[in-house]
Each structure stands twice: as structure tokens, then as C-alpha cells.
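One structure is given below, encoded as C-alpha cells.
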Amino acid sequence: MEMVKIDTLRLSLEKISEDLAIKTVKNRKNFQNLNLFYINFDFSPFIPGNQN
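Quick note on numbering: the working numbering labels position 44 of the sequence shown as 44, and the sequence is numbered without any gaps.
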């Protein structure tokens, strides 16, 4: 009985870890997209002293 509980717990933990890993990768991709957006967006009109 104890072995079954331990196995179930281990499988649950593996599943949680997997879900977290997938979410982390998705978040990282979103974050990279956000960074690319900010890099491509020209902030110069909003920066004081940059009015050419």
C-alpha cells in the first residue's frame, strides 16, 4: 500500500513539474516577444532631449 502511495505521489509531482516547465517555456516565449516589441518600438520621440 505504501509503495502505491509513493508511486502516485511521484507521478503527481512529475506531472506538476511538466506543467510548470511548459508554462515557463510559454512565458519565456511571450516575454521574448514583448522584448522584441519594445526593441522595435521607437521611443525616441518620448525621450526628452531627443527632439531632432
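Ideal Cβ placement from N, Cα and C applies to all residues, glycine included.
Between the alpha carbons of Ala21 and Leu11 lies a gap of roughly 15 Å. Excluding the 5 residues flanking it on each side, Asn30 has no same chain C-beta neighbour closer than 7 Å. Exclusion of the five residues before and after Lys15 leaves no residue of its chain whose Cβ lies closer than 6 Å to its Cβ.
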